[in-house]
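Novice:
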Amino acid sequence: MVVKVINMQIIRYLLYSFLTLCSILQCRNYNWYRVKHQKSFNEAVTYLRSDVCVDPITRADLGTFNLCEKATLIASENPSSAAFYQLLNDFHPCGHNRCGGLTDWCIANIHWFVISIGGFGLIVYFKYLDYQRDVMFTKLRLPLSLGTKID
0 MVVKVINMQI
10 IRYLLYSFLT
20 LCSILQCRNY
30 NWYRVKHQKS
40 FNEAVTYLRS
50 DVCVDPITRA
60 DLGTFNLCEK
70 ATLIASENPS
80 SAAFYQLLND
90 FHPCGHNRCG
100 GLTDWCIANI
110 HWFVISIGGF
120 GLIVYFKYLD
130 YQRDVMFTKL
140 RLPLSLGTKI
150 D
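For the sequence shown, counting from 1, position 92 maps to 91 in numbering that gives the first Met the number 0; every step adds exactly one.
See below:
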């Protein structure tokens with residue numbers, strides 16, 4: 000009984016250590032994302048204050064190459080909240096385009112999936128045939144009389 004309690008304490012200690020380490024790493028990631036978003040926020044504000052975005056004639060001449068709209072979107076979001084959303088994106092299963100990569104991998108290896116499913120189907124089919132044969136043999140009986148008269 001004592002060994003079981005000690006094992007549970009070790010498991011609990013390892014779990015708490017793991018959670019603490021993950022929390023520290025997420026704080027580091029949040030800080031790194033916040034610094035990155037703060038830098039892009041400052042660059043966007045500087046770009047919006049430049050004569051490229053302030054002068055309507057220059058802005059119109061740029062046409063579709065106008066980066067003022069992108070700078071406006073970056074400047075409209077608080078860097079801390081953008082860092083928090085990016086941190087949440089790390090936890091999402093499809094965050095940072097992971098599902099797109101998984102989809103590409105599945106499409107590239109579709110032939111292996113088809114071969115595996117076909118092989119599994121053949122195994123199931125042959126096992127079903129064995130089962131049917133076993134059922135047939137268990138229902139066979141010897142005749143009650145072997146040509147002898149019962150008086």
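Note that beta-carbon positions come from the ideal geometry of N, C-alpha and C, so glycine has one too. Note that the structure is predicted; figures quoted are calculated from it, not measured.
Round the Cβ separation of Ile47 and Ala70 to the nearest angstrom and send it over; I've been treating them as touching at under 8 Å.
Specialist: Note on identity: in this sequence residue 47 is Leu, with Ile being the wrong assignment. With 8 Å as the limit, Leu47 and Ala70 qualify as a contact, their Cβ atoms being about 5 Å apart.
Novice: Where does Leu101 fall in DSSP's three states?
Specialist: helix
Novice: State buried or exposed for Phe40, treating a residue as buried only when at least 16 other CB atoms are found within 10 Å of its CB.
Specialist: Taking every protein chain shown into account, the CB of Phe40 has 16 or more other CB atoms within 10 angstroms, so this residue is buried.
Novice: On the DSSP letters alone, give me the boundaries of the alpha helix (DSSP H) that Leu66 sits inside.
Specialist: Premise fails: Leu66 is in no alpha helix (DSSP H) and is neither H nor E.
Novice: My assumption, with CB atoms under 8 Å, is that Arg33 sits in contact with Pro78. Please give the rounded CB distance.
Specialist: 6 Å
Novice: Measure the alpha-carbon distance for Lys38 versus Thr45 and round it to whole angstroms.
Specialist: Here the alpha carbon of Lys38 sits roughly 11 Å from the alpha carbon of Thr45.
Novice: Is the beta carbon of Leu86 less than 7 Å from the beta carbon of Tyr29?
Specialist: Yes, the Cβ-Cβ distance between Leu86 and Tyr29 is below 7 Å.
Novice: Please report how far the alpha carbon of Cys21 lies from the alpha carbon of Ala107, in whole angstroms.
Specialist: Counting only the Cα atoms, Ala107 lies some 34 Å from Cys21.
Novice: So Asp133 is in the alpha helix (DSSP H); what residue range does that whole segment cover?
Specialist: Asp133: member of the alpha helix (DSSP H) spanning Ile109 to Lys138, first to last residue.
Novice: Between Ile73, Gly117 and Ser16, which has its C-alpha nearest Ala43's C-alpha?
Specialist: Answer by Cα proximity: Ile73.
Novice: Can you look up Asn77 in the DSSP assignment and give me helix, strand or coil?
Specialist: Asn77 falls in the coil class under three-state DSSP.
Novice: Have a look at Ile10 and Lys3 and give me their C-alpha separation to the nearest angstrom.
Specialist: Linking Ile10 to Lys3 through their CA atoms gives a straight-line distance of about 11 Å.
Novice: Grab the span of the alpha helix (DSSP H) containing Cys93 for me, first residue to last.
Specialist: Note, Cys93: premise wrong, no alpha helix (DSSP H); not H, not E.
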